Amino acid sequence: MNIAASMNKANRLERKDKHEDAASIYRDILAKFPRNTRAQAALNALQTDIQRDLNPTLEQQKTLADSFSAGNYAQVATTCAALLNHHRRSHFLWNTLGKCHLKSNNLDEAATCLNKACELNPKDPSTFAAMGEVHHAQGRPDNALALYNKALSLDADNLNALSNKANTLVGLGRLSAAEPLLKRAVELEPENPVFLFNYSNILLKTGQMVQAKALLERATVLAPDLASAQYNLAQLQSLDGEKEAAILRFEAMLEETPGDDRTRADKLHAQAHLNDWNWLDEYQQARRQLGLTGKPCSPFASLTFEDNPDLLRLRIQAYANAALPKVEPARALSGEQQGADRPERLRIGYFSSDFHDHATMRLMAGLFEAHDQSRFDIIAYSYDKAPEDAMRARVRQAVTSFKDISQLSDAEATALAKQDSLDIAVDLKGFTGENRTPLFANRLASLHMSYLGFPATLGSTAIDYLIGDHVTCPSGSERYFEEHLLRLPHSYQVNDDKRALSGRQYTRKDCGLPDNGFVFCCFNSSYKITPVEFDIWMRLLDQVEDSVLWLLDCSETSKANLRKEAAKRGQNPDRLIFAPRVAQEDHLARHQVADLFLDTFVVNAHTTASDALWAGVPVLTLPGRQFASRVGASLVSAMGLPELIAKSAANYEARALELASDPDALASLRGKLQRNRTSTPLFDTKGFTRSLEQGFDMAYARYLQGLPPAHLEVSESTSADLYIPHAVPPVASHAQPHLAP
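Per this note's numbering, the very first residue in the sequence shown carries number 349; after that it's consecutive.
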């Protein structure tokens, strides 16, 4: 080695600010000649310069950090790149540049820069946390979690690592693991609205509504423009019965984003709950694009707006495409597997959050007890947060196996169902509250079916069959459904023939009703009542002296609005009497003081109609076009009471007036109802179960033959001919008022 030449080369590199290259030459000289004082002195001086030049000045660093916080990512990236020409080993610059690329979604560039930053300073938790974000964005959650864990091993309270690890765990459905992380993030930074919002989401998903609401209230005060927090808070207020507050919040959001269809649909539905019928005019203005061109809107709200199953299917399909974006296709049997024998016991999995004292279980409990467990394994997959009660105990006792999946992630629940080798998986919720319908985007079983919970299509190829009947799904209605129809021979709706009425003998006085006079009743939820029915009901009160309308208790605002609407129609508001909510057995028992149940049109009575019929009260109904508007007709048809199915709105009114004016006709009808209660299919739980099982067998037989799903009809040779009412043209009867066809 020529020491002089090497020293000259190092000096030239220093003058070009290539300090690391110069230092490398000095080190090489000292490695061979450790006593060379000139090389040692030059290296010592250079080390001081390197340390000084390793990072930009503190002032420059502060300027870059402030600009980054302001969101000027492109500008900061340009400055960092320029400074790196002089500070190539600056961890600060590589780290900042990597984060700029991350914010701009330049993930490969971000990874390169952050890897360099990690190499320069393997002790900085913020770099590992940012690398975790890169891997999460690249669809590698396991790698992301490992990097977040590395960051937290360096700093257990690193906020980005805590928050982003929690969000990754939430995405994997591991809520119990995510909750303490976000709780800690909120403790460390209690005024951070994003942390508050993210923590509230976990609490919502784990059923901790009160705590979630408190966090959302704080988040919306701190960040009024955080739309997602505003929306969730409005939803919670609506669920808590604070419809007025929810509507105000929805309206404020719509002022900022008037094209937000999801928010508009929820606002309209909340108004319907309050019987604030101004929603109808607003709906008319938005109906042609609502849920179709903007954000998908709630399927449940959609089915309440109007009786238009074609439009409903389009809205629900839009929602399903977002909620179930990736659907695992059905697994067809290979040629050598086709034609196999039916398993000795088909394995049926029922998925629900209602395995407790809920309207669905009041209908279904007897079904679980009636299933033929010599031919079927019945597995209940429960994901609700409700406490143990007598109804859940009854279901547990009846089924082959009861599995609580409430604490399992979607991936874990899917794995469990696949491990159980289900033949048929049945979704009992559909797009209603606390559903886990997205589970069905995975192929949980050979066949998927939708039943009972949601009276419409689920709009997704994830579901093979929808269980209906010839009344709810008449010939020609197939186009309203993404699914294939499995039509049962009588009503699609199961009923429990063991339901008990309390032993209490109610009098009208007990119920706040007059001793004399005809009692029309409707115990449907308030949102189902529209001006169309209400106009008819008020005319009936006008024509039937001393009659009253007995409704289920609802909010004070709703009651005030209904009374106001009665007065506008010339009726004494006191003729509207509201029944307070009582235990279910008592509610069934008090039905007996009513004379006639008047059904609503766009969404019929479902369980409430079965309640009335089981208690001995006739239900007068008018079938429409969509499934939900034909349930009443399905029920009374299966009870052998076609005379309770009106053919038009005028006929509905005339028939109600006839029964209210002719005590003998009403007595004859009630007598027939009592006789048919135990002799017709509606309340024959075992007979219904055999029909449903036959439907399962028919669908599975096609599967074993290698055939795709098809519309199927279960028939019974002993079945009497059913009266199948035609759909009433909406314009002629009960289209929503003021709606364009």
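Ideal Cβ positions, reconstructed from N, Cα and C, are used throughout, including at glycine.
All values derive from a computational prediction rather than experimental measurement.
Check	Outcome
Tell me Y729's beta-bridge partners as DSSP assigns them.	F699 and K751
Kindly identify the DSSP beta-bridge partner or partners of G1091.	Because the chain spans 349 through 1089 in this model, residue 1091 falls outside it and cannot be assessed.
Mind reading off the beta-carbon distance from T516 to A492? Whole number of angstroms is fine, and I expect it under 8 Å.	5 Å
What number of angstroms, rounded off, separates the C-alpha of Q388 from the C-alpha of G419?	46 Å
Is it buried or exposed for G600, if we count other Cβ within 10 angstroms and need 16 for buried?	Rather than Gly, the amino acid found at residue 600 in this sequence is Ala. Result: exposed.
Please state the DSSP three-state secondary structure of R360.	helix
Measuring straight from C-alpha to C-alpha, what distance separates C861 and Q932?	Before going further, note that residue 861 is Leu rather than Cys in the sequence given. Their backbone Cα atoms lie some 19 Å apart in a straight line.
Do the stretch 667 to 681 and the stretch 631 to 648 meet, that is, are 3 or more Cβ pairs less than 8 Å apart?	yes
Can you tell me whether Q578 is buried or exposed, with buried defined as 16 or more other CB within 10 angstroms of its CB?	buried
Going by the DSSP bridge assignment, what does W625 pair with across the sheet?	Bridge partners of W625: none, in fact.
Quick check on C461: does DSSP put it in helix, strand or coil?	helix
Hey, how far is the Cα of T1066 from the Cα of H818?	Because T1066 carries a pLDDT of 37, less than 50, the predicted location of this residue cannot be relied on, and the following value inherits that uncertainty. Going from the Cα of T1066 to the Cα of H818 covers about 16 Å.
Tell me whether F381 sits in a helix, a strand or coil according to DSSP, three-state version.	coil
Run through the DSSP bridge pairs and tell me what H796 is partnered with.	A773
My assumption, with CB atoms under 8 Å, is that Y813 sits in contact with E831. Please give the rounded CB distance.	6 Å
Tell whether a beta-carbon distance below 8 Å holds between L510 and R532.	yes
Scan the stretch 871 to 937 and note each continuous alpha helix (DSSP H) run of 4 residues or more that stays entirely inside, going in chain order.	879 to 891 and 904 to 916
Tell me, to the nearest whole angstrom, how far the beta carbon of L711 is from that of V842; I am working on the premise that it is less than 8 Å.	5 Å
So what's R661 in DSSP terms, helix, strand or just coil?	helix
If we ignore side chains and look at the alpha-carbon of each, how far apart do L523 and A504 end up?	20 Å
When you compare the CB of A1049 with every CB in chain D, is at least one pair closer than 8 Å?	No chain D appears in this structure, which consists of one protein chain only.
Alpha carbon to alpha carbon, how far is N359 from P382?	19 Å
Start and end of the beta strand (DSSP E) containing L946?	L944 to L946
For L820 versus I877, is the C-beta spacing smaller than 8 Å?	For clarity, residue 820 is Thr in the given sequence; the question names Leu instead. No, these two residues do not count as a Cβ contact at 8 Å.
Hey, how far is the Cα of L1090 from the Cα of I696?	Past the boundaries of the shown model lies residue 1090; the chain is included only from 349 to 1089, so the question cannot be answered.
Restricting to Cα atoms, I'd like to know which of G918, D858 and S985 is closest to F926.	D858
I need the boundaries of the alpha helix (DSSP H) containing P489, first residue and last residue.	P489 to L502
Can you tell me the Cα-Cα spacing of E535 and H706, whole angstroms?	37 Å
Looking only at its chain, what residues have a beta carbon closer than 8 Å to the beta carbon of G801, apart from the 5 residues adjacent to it on each side?	S700, D702, T708, D775, L776, K777, G778, T780 and N783
Check whether the Cβ atoms of L333 and A1013 lie closer than 8 Å to each other.	What is shown of the chain runs 349 to 1089, which leaves residue 333 out entirely.
List the whole-angstrom C-beta distance separating G714 from K846, where the pair is believed to meet the contact cut-off of C-beta under 8 Å.	6 Å
Keeping to the same chain, check which residues put their C-beta closer than 7 Å to that of H1059; ignore five residues upstream and five downstream.	E826, H832 and L833
What are the partner residues of I993, as DSSP defines its beta bridges?	T969
Is DSSP giving C645 helix, strand or coil here?	coil
Do you know how far the Cα of F716 is from the Cα of R1050?	25 Å
Give the DSSP bridge partners of L1060, in chain order.	L834
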